[in-house]
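So for the sequence shown, this note's numbering puts the first residue at 5; every next one is plus one. As structure tokens, the structure follows; a few thoughts come after it.
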Amino acid sequence: MNVTTSTFPWLALSTVDSLLSVDQFSTVSMPYPRNVVASLLAIVVSFSYVQSFAKKTGLESFPGPWYAPYTAMHLRWLFARGTIYSYVEEMHKKYGDVIRLGPRQIWVSDKGAMKQILLTVDLPKVSMYAEISRDRSSPGLFGEIRPVPHRNLKKFLSPAFTVASVDKLDSFFKACVSTLLDNYYNEVNKAIAEDPKTNPNGNVETDFMRDLHCLALDIMGQSSFGKGFGQIDKIFDPSKMLTGRDRRWSKIPDAIFDGQARRYGLVFIKRFLRRMGYEWEVDWPKEMTTAICELVDERAAAQGTVKSEERIDVLQHMLDEGARPDTGERMSNQDIIDQMSELLLAGSETTSGTMACLFVELARTPAARIKLLASLPPLSPSSPILDSKTVRTDPQFRYLEACLKENLRMNPIASELGRRTLHKGQNLNGFEVPPFTIVSASYRALHRDERYWPEPNRFWPERWLEGEEREGAPEPE
Numbered sequence: 005m006n007v008t009t010s011t012f013p014w015l016a017l018s019t020v021d022s023l024l025s026v027d028q029f030s031t032v033s034m035p036y037p038r039n040v041v042a043s044l045l046a047i048v049v050s051f052s053y054v055q056s057f058a059k060k061t062g063l064e065s066f067p068g069p070w071y072a073p074y075t076a077m078h079l080r081w082l083f084a085r086g087t088i089y090s091y092v093e094e095m096h097k098k099y100g101d102v103i104r105l106g107p108r109q110i111w112v113s114d115k116g117a118m119k120q121i122l123l124t125v126d127l128p129k130v131s132m133y134a135e136i137s138r139d140r141s142s143p144g145l146f147g148e149i150r151p152v153p154h155r156n157l158k159k160f161l162s163p164a165f166t167v168a169s170v171d172k173l174d175s176f177f178k179a180c181v182s183t184l185l186d187n188y189y190n191e192v193n194k195a196i197a198e199d200p201k202t203n204p205n206g207n208v209e210t211d212f213m214r215d216l217h218c219l220a221l222d223i224m225g226q227s228s229f230g231k232g233f234g235q236i237d238k239i240f241d242p243s244k245m246l247t248g249r250d251r252r253w254s255k256i257p258d259a260i261f262d263g264q265a266r267r268y269g270l271v272f273i274k275r276f277l278r279r280m281g282y283e284w285e286v287d288w289p290k291e292m293t294t295a296i297c298e299l300v301d302e303r304a305a306a307q308g309t310v311k312s313e314e315r316i317d318v319l320q321h322m323l324d325e326g327a328r329p330d331t332g333e334r335m336s337n338q339d340i341i342d343q344m345s346e347l348l349l350a351g352s353e354t355t356s357g358t359m360a361c362l363f364v365e366l367a368r369t370p371a372a373r374i375k376l377l378a379s380l381p382p383l384s385p386s387s388p389i390l391d392s393k394t395v396r397t398d399p400q401f402r403y404l405e406a407c408l409k410e411n412l413r414m415n416p417i418a419s420e421l422g423r424r425t426l427h428k429g430q431n432l433n434g435f436e437v438p439p440f441t442i443v444s445a446s447y448r449a450l451h452r453d454e455r456y457w458p459e460p461n462r463f464w465p466e467r468w469l470e471g472e473e474r475e476g477a478p479e480p481e
């Protein structure tokens, strides 16, 4: 990683200062011994003060690297880079289940403590979640850290994400999957027609991660807004020209992901500027807000009609029932955009990433791949797309479910869960965590702990089956 002074302007200032110091030192005489002693004494006093300050957090008994009590800069850098998960896993292997990696930051992979954090202890979210939102006062469910508004927002959104509600969206799922498969079949037939002798099977090359991502985006567009983003069609017909709203609509996914990526990288800078009295919001692109506002206004104008009553997407739910979780006032267009953007991000990136990891694991494990394909019903291009209820309830899909669970064990959607203790602190399975401590639940590290998962890096779906079907695989903890 090349770090330039244009990226971090304060580096330029510190570099100039250090160069000036070196130059001055080379041109002046050495200071008197008492000045040297005074300087050393000042350094020792400063170090002692920092050390005593670090001990006041109450985390001095927690193991971790020597620099953890004094700075969190490395954590901020790794978080902005998106590589903190690998650092945390390495530290867990070196220092244990409960470790200190910053002045007030601990990570927990202890099984008992993890159960408390996930099931019984209601620790509030860390403030970082709110910083990722466009506006701290109007975050989505992911970014809302205030207990009462979070509870209200969760209650409002829950009906749209029950199993029964999701089953009603099957038509959207089937339509998008059919579009992707139809394009694949067309590409295969085209390849056969172009070169029947050397490519009789119609082998084609595609970026599967991209395809899954576009599929998830179009499904989220349909189920959230009742209108897809045309991402699948864009893969196979990139020259297709879009105009007006369709062009603006197709740009929404990129706008959301670019905006969120920018916020992830600027989380700590935003918080620093706020402490300095400057409020910095990273707004959504104008084209994106215009396209969504047009659709919201059209829907609002159609409220009460038969057509609006037939709609089952999330946007209609927000128009019918949407109220700000903090004030109870009706949601504005901007509130709806903020909510829908977080839902789109959470529903597409996580789904496509999980599916891509599953295919990678199956490619690495031929035995599991062969067994899975043998367990599934043979389907032709003209066969109907299976609905979610069939896959959930038909015993024929048990091994598919086991593969999905094993994939989520090895490749969880997120590597950790950020929480914090309040003024009373918290006991986590015998570990006394002092007040105002950031507690990160390292469930990725726990998922790959060989004490609970023999051969943790092995893709072994049989772990999740019952009885003889397990074929000697260890039962999940």
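Idealized CB from N, CA, C, for every residue including glycine. Here the structure is a predicted model, which means the values were calculated and not measured.
C-alpha of residue 370 to C-alpha of residue 473: approximately 18 Å in a straight line.
Separation of residue 220 and residue 352 (C-alpha to C-alpha, rounded to the nearest whole angstrom) is 5 Å. In the DSSP assignment, residue 111 falls within the beta strand (DSSP E) that extends over 109 to 112. Our two residues, residue 92 and residue 342, have alpha carbons roughly 31 Å apart in a direct line. In this structure, residue 256 lies near residue 292, with their beta-carbon atoms less than 7 Å apart. Between residue 147 and residue 133, the C-beta gap is smaller than 7 Å, which places the two residues in contact. The C-beta of residue 411 has 16 or more other C-beta atoms within 10 Å across all chains shown, which makes the residue buried. Boundaries of the alpha helix (DSSP H) around residue 248: 248 to 254.
With fewer than 16 other Cβ atoms inside 10 Å of its own Cβ, residue 397 counts as exposed. Taken through DSSP and simplified to helix, strand or coil, residue 129 comes out as strand. The DSSP-derived three-state label of residue 212 is helix. According to the DSSP secondary-structure assignment, residue 454 is paired through a beta bridge with no residue. A straight line joining the alpha-carbon of residue 300 with that of residue 306 spans about 10 Å. Fewer than three beta-carbon pairs drawn from the region 57 to 76 and the region 399 to 411 are found closer than 8 Å, and the two stretches are therefore not classed as touching. In the structure shown, residue 279 adopts helical secondary structure according to DSSP, grouped into three states. Between the alpha carbons of residue 262 and residue 81 lies a distance of about 19 Å.
By a beta-carbon distance limit of 8 Å, residue 447 contacts residue 416. Their separation comes to about 6 Å. Proximity of the region 187 to 204 to the region 223 to 242 meets the contact definition, three or more beta-carbon pairs being nearer than 8 Å.
In the DSSP assignment, residue 351 falls within the alpha helix (DSSP H) that extends over 337 to 368. Assigned with DSSP and collapsed to three states, residue 430 falls in strand. An exposed status is given to residue 440, since fewer than 16 other beta-carbon atoms sit within 10 Å of its beta-carbon. In the same chain as residue 174, and ignoring 5 residues on each side of it, the C-beta atoms closer than 7 Å to its own belong to 391, 392, in chain order. When beta bridges are read from the DSSP output, residue 445 appears opposite 112, 421.
The Cβ neighbour count for residue 112, taken over all protein chains shown within 10 Å, is at least 16; the residue is labelled buried.
By the criterion of a C-beta distance shorter than 8 Å, residue 250 is surrounded in its chain by 234, once the five residues flanking it on both sides are discounted. Taking the CA atoms as reference points, residue 436 sits about 13 Å from residue 120. Here residue 329 is buried, its C-beta having at least 16 other C-beta atoms within 10 Å. Distance from residue 63 to residue 438 at the Cβ level is roughly 7 Å; contact confirmed, criterion being Cβ atoms closer than 8 Å.
Residue ranges of uninterrupted beta strand (DSSP E) with 3 or more members, entirely inside the region 70 to 111 and ordered along the chain, are 102 to 106. Beta bridge pairing from DSSP links residue 327 with 334. In the DSSP assignment, residue 148 falls outside any alpha helix (DSSP H) and carries neither an H nor an E. In the structure shown, residue 466 adopts helical secondary structure according to DSSP, grouped into three states. 449 is the residue among 449, 347, 138 whose C-alpha sits nearest the C-alpha of residue 420. If you compare the alpha carbons of 327, 118, 325, 85 with that of residue 430, the shortest gap goes to 118.
DSSP places residue 286 in the coil class of the three-state scheme, outside both helix and strand. Sequence-distant partners of residue 454 (beyond 5 residues in either direction) whose C-beta falls short of 8 Å from its own C-beta, in its chain, are 460.
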